[in-house]
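Q: Per UniProt numbering: the sequence shown = residues 1 to 658. For each residue, glycine too, the CB sits at the ideal point set by N, CA and C. Computed from a prediction, not measured in an experiment: that's the story for all the values here.
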Amino acid sequence: MQKLDDYITEERIIFYLCRIRAKHAKQRSKKHLVHLLSSNKEFNYHLNTAKQKERIDDDLALLNGMLPSRRKWKKLNKSKRYQKNNQRINSVDYNVNSLLLTIEFYRKNHPEEPFLKNLDSFISDLKASINNPDYKIESPTVIPKLKGDKHPIKNKCRPISLFTLKDRLIISFTNKYFTEIFDSYFYKHSYAFRAIQVKDGKKYTLTHHDSIQAILDYKEKYKGKRLWVAECDISKFYDTVHHSIVKKQFKKLINRVKKDKPELYDERAENIFYKYLDSYSFVKNVLPYNKDINKAYWSEKFKIPGGYFGWVEKDLIDLGYFKDIRNAKIGVPQGGAISGLIANLVLDYADTEILKLKSTKLFYVRFCDDMVIMHPSKKECERASTVYSESLKKMHLIPHDFEKNMTNTSSSFWSDKIKSKHPYKWSSSYTNSFPWFGFVGYEIHYSGSLRVRKSSLAKEKKKQKEVVTQILNAVKSGKRKNDGTICESAANRLIGMSVGRVTMKNFEIMENDMCWANGFIKLKDNRHLRAQLKDLDRYRAKQMSKLINTVKEIELDELKNHPIRIGKLAFCTISGISEKYSEEIRNQLVKSRILNSKFELNKKVDFESSELDLGLSADFLPYKNDIIYVLLNPVDKRELSYYGKPFSYYYNVIEKKK
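(1) To the nearest angstrom, report how far apart phenylalanine 178 and serine 427 are at their CA atoms.
(2) Counting pairs of Cβ atoms below 8 Å between the segment 475–488 and the segment 614–633, do you hit three or more?
(3) Which stretch, first to last residue, makes up the alpha helix (DSSP H) that contains leucine 631?
(4) For my contact list, asparagine 285 and phenylalanine 309 are in at a C-beta cut-off of 8 Å; report their separation, rounded to the angstrom.
(5) Taking only the alpha-carbon atoms, compute the straight-line gap between glycine 307 and asparagine 155 and give it to the nearest angstrom.
(6) Applying the 10 Å Cβ sphere with the 16-neighbour rule, what's the burial state of tyrosine 424?
(7) Alpha carbon to alpha carbon, what distance is there between lysine 219 and arginine 226?
(8) Looking only at its chain, what residues have a beta carbon closer than 8 Å to the beta carbon of valine 440, apart from the 5 residues adjacent to it on each side?
(9) In angstroms, rounded to a whole number, what distance separates the CA positions of glycine 320 and glutamate 313?
(10) Comparing C-alpha positions only, which one of Asp613, Ile594, Phe520, Glu611 sits nearest to lysine 604?
(11) Report buried or exposed for proline 68, applying the criterion of at least 16 other Cβ atoms within 10 angstroms of its Cβ.
(12) Are the segment 239–250 and the segment 102–111 touching by the rule of at least three beta carbon pairs closer than 8 Å?
(13) Give the single residue among Lys522, Leu547, Lys591 whose Cα lies nearest to the Cα of lysine 657.
(14) Can you tell me where the alpha helix (DSSP H) with proline 114 in it begins and where it stops?
(15) Mapping the DSSP letters down to three states, classify valine 92 as helix, strand or coil.
(16) Below 8 Å on the Cβ atoms is my guess for glycine 335 versus isoleucine 171; work out the distance and round it to an integer in Å.
(17) Just the Cα atoms here: how many angstroms apart are leucine 76 and isoleucine 20?
(18) Which one or two residues does DSSP pair with methionine 371 in a beta bridge?
(19) Please classify aspartate 239 as buried or exposed, where buried requires at least 16 neighbouring CB atoms within 10 angstroms.
(20) According to DSSP, valine 198 sits in a beta bridge with which residue or residues?
(21) Determine the closest residue to glycine 438 out of Asn95, Ser456, Thr431, Asn432, with distance taken between C-alpha atoms.
(22) Whole angstroms are fine: how far does the CA of serine 91 sit from the CA of aspartate 537?
(23) Which same chain residues, not among the five before or five after phenylalanine 237, have their C-beta less than 6 Å away from its C-beta?
(24) Would you list, in sequence order, the uninterrupted alpha helix (DSSP H) runs of no fewer than 4 residues that lie entirely inside the segment 444–528?
(25) Would you kindly check if the distance between the Cβ of valine 142 and the Cβ of alanine 474 is under 7 Å?
(26) State the Cα-Cα distance for the pair phenylalanine 182 and isoleucine 215, rounded to the nearest angstrom.
(27) Helix, strand or coil: how does DSSP classify leucine 67 here?
(28) Please classify lysine 176 as buried or exposed, where buried requires at least 16 neighbouring CB atoms within 10 angstroms.
(29) Specify the secondary structure class of proline 159 as computed by DSSP and reduced to three states.
(30) If you draw a straight line from the alpha carbon of phenylalanine 163 to that of isoleucine 234, how long is it in whole angstroms?
(31) Can you tell me the Cα-Cα spacing of isoleucine 476 and arginine 493, whole angstroms?
(32) Considering just the uninterrupted stretch of the beta strand (DSSP E) at valine 286, what are its terminal residues?
(33) Quick one: residues in its chain with C-beta nearer than 6 Å to the C-beta of asparagine 118, no 5 flanking neighbours on either side, listed in chain order?
(34) Taking buried to mean at least 16 other C-beta atoms within 10 Å of its own C-beta, is glutamate 460 buried or exposed?
(35) Got a sec? Which residues, its chain only, sit under 8 Å from phenylalanine 186 by beta carbon, not counting five neighbours each side?
(36) Going by the beta-carbon positions, is the gap between isoleucine 486 and leucine 37 smaller than 7 Å?
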């Protein structure tokens with residue numbers, strides 16, 4: 001375990017800053033790629049950036065001022081661009097390493113660079129703030145995030161909190177410190193926001209996959225026997241957490257740390273935790289935006305018609321938690337690093353109450369505020385779910401009422417309106433029982449088979465459609481690239497977000513990092529899963545087909561505005577011209593200045609002139625007219641398998657594992 005000072009070293013601070021900058025670069029790159037395809041000014045990345053310079057937030061300006069400018073970033077050599085399995089690292093990791101290399105270079109060779117002085121000043125200020133008992137965390141900026149699709153009249157949102165750059169780092173380092181020193185006190189089957197674990201000498205991070213494996217392991221013990229399952233969901237958890245209860249739970253663990261690990265206790269970290277709580281409350285920082293006086297916040301600033309933040313004031317009063325809620329200190333920032341720790345602090349009380357039942361056959365698993373209780377006995381399952389629900393009320397939280405009248409239909413059992421479920425029989429039979437139940441993105445069958453939760457499938461399809469829709473909206477008033485380039489760009493994005501950076505060269509060995517498939521690594525072949533994955537592949541193919549057919553009808557901007565690059569294989573369309581000869585012809589056209597150094601057509605060339613000299617060698621003179629035709633009518637010969645086997649969900653999730 002580490003002390004707080006071990007988390008706030010210069011190296012860690014710089015790494016964290018570089019990672020934030022790299023993520024900004026990734027977002028800008030996405031916008032830039034769309035801009036390259038379209039002549040629509042609304043999607044002109046450079047023009048819009050220039051217009052919005054005065055609106056760049058202070059933190060981004062601060063970040064840019066203490067890191068090297070984009071043009072100074074050093075390129076990584078091949079050994080640093082690839083992992084041990086010869087897989088290329090992702091763009092964020094590449095840019096982080098590039099920034100670190102650049103900073104190291106300038107520290108060694110140009111120590112007087114202004115950005116280095118700004119960086120050193122920021123690091124000193126951050127450390128001084130941590131050591132200052134009077135340091136105060138500023139209230140975060142609240143950003144509304146839509147829940148579902150945007151509607152023309154009314155839109156429910158959830159509040160996302162953004163802290164200043166310095167506060168973000170201090171909060172993050174403090175959270176890492178507490179997460180590690182508290183971890184041994186938390187319930188072993190609580191899987192969210194936990195410290196890095198060590199098993200057999202190897203480090204690993206607990207994820208939702210581990211919670212699914214724990215359920216499967218428990219089920220294996222009762223193979224062939226029916227089980228009873230209960231689910232309980234909490235209404236507006238992060239918005240209703242009571243500050244006084246958080247402090248009480250926090251103090252309990254702090255006292256245990258002082259007793260068990262006194263050398264690790266740090267008063268500064270404790271003060272920062274309290275400052276984090278004091279910086280925000282839902283009533284003070286969020287609720288005012290629901291008033292009519294703040295309509296501009298929704299309509300002008302965020303373009304969300306009829307926007308509002310959901311609130312449960314009536315439930316809080318009906319449960320007797322408050323008589324007057326106007327000055328209540330409740331709610332923690334969604335988006336703040338310490339909020340995940342707070343979830344474990346508060347719900348640890350419920351974990352402890354469940355464990356007091358001391359039922360050897362009881363299984364209870366929790367991932368943040370989602371939980372499942374299982375037991376061979378309905379009575380014992382009911383008892384445990386009641387204990388859990390009552391423990392939430394003691395923490396002044398709002399558990400959804402248990403639904404008892406469920407039938408085995410999608411409109412009942414799987415309804416979004418049913419949040420908590422009274423103990424139901426989990427078995428292979430469809431008579432008075434349910435063969436499937438859902439947890440953390442998966443659906444688990446009584447037989448042990450896994451499939452993707454229906455809501456997760458719907459979200460993935462929505463993302464597919466958004467990618468294609470964004471590109472179509474960008475190019476509908478004018479495209480800057482040929483159809484093949486536009487479709488290839490869309491295909492690469494769809495493939496990347498679904499199965500990773502897969503190519504024809506690496507699809508058999510490529511690990512599916514940073515993509516949808518990586519979020520469901522526990523999936524194994526079964527008929528239910530096969531149907532789901534084929535459905536995703538069909539839907540993606542449908543979106544690509546829509547894009548291909550639509551861009552055909554959109555005119556390409558005139559050549560004089562956007563010169564078309566002549567590819568090295570462009571002349572292969574001429575009978576008798578091989579790939580080698582095609583490239584040779586292109587090089588000769590560059591020497592004769594028919595093409596420029598970028599292989600773009602010289603606008604001043606008069607192709608109708610009988611005296612036109614292409615500068616071709618004697619071998620290619622017989623093809624002169626054909627070459628001129630290709631130059632004036634370039635064809636994009638791209639042939640990409642947009643959704644073939646190597647790039648399919650089906651192959652990467654099922655076949656590749658066999």
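A: The answer reads as follows:
(1) 41 Å
(2) Result no; under three Cβ-Cβ pairs closer than 8 Å.
(3) Where leucine 631 is concerned, the enclosing alpha helix (DSSP H) stretches over 624–632.
(4) Going by Cβ atoms, the distance from asparagine 285 to phenylalanine 309 rounds to 10 Å, so no, they are not a contact pair.
(5) Rounded to whole angstroms, the gap between the alpha carbons of glycine 307 and asparagine 155 is 5 Å.
(6) Burial of tyrosine 424 is indicated by the presence of at least 16 other C-beta atoms within 10 angstroms of its C-beta.
(7) Take the alpha-carbon of arginine 226 and the one of lysine 219: they are about 10 Å apart.
(8) His208, Ser211, Ile212, Phe367, Asp370
(9) If I take the Cα positions, the gap works out to 11 Å.
(10) Ile594
(11) buried
(12) no
(13) Looking from the CA of lysine 657, the closest CA among Lys522, Leu547, Lys591 belongs to Lys522.
(14) 114–131
(15) Residue state, collapsed to three classes: helix.
(16) That belief does not hold up - the Cβ atoms of glycine 335 and isoleucine 171 are roughly 10 Å apart, past 8 Å.
(17) 19 Å
(18) Cys232, Arg366
(19) buried
(20) Lys203
(21) Ser456
(22) 25 Å
(23) Asp369
(24) You should have 454–475, 483–499.
(25) At the C-beta level, alanine 474 and valine 142 stay beyond 7 Å of one another.
(26) 25 Å
(27) Looking at leucine 67 - three-state DSSP - the assignment turns out to be coil, as it is neither helix nor strand.
(28) buried
(29) strand
(30) Per the coordinates, the alpha-carbon of phenylalanine 163 lies some 26 Å from the alpha-carbon of isoleucine 234.
(31) Here residue 476 is lysine; the residue named in the question, isoleucine, does not match the sequence. Distance between the alpha carbons of lysine 476 and arginine 493: 19 Å.
(32) Careful: valine 286 lies outside any beta strand (DSSP E) and carries neither H nor E.
(33) Gly65, Met66
(34) buried
(35) Arg194, Asn344, Asp348, Asp351
(36) yes
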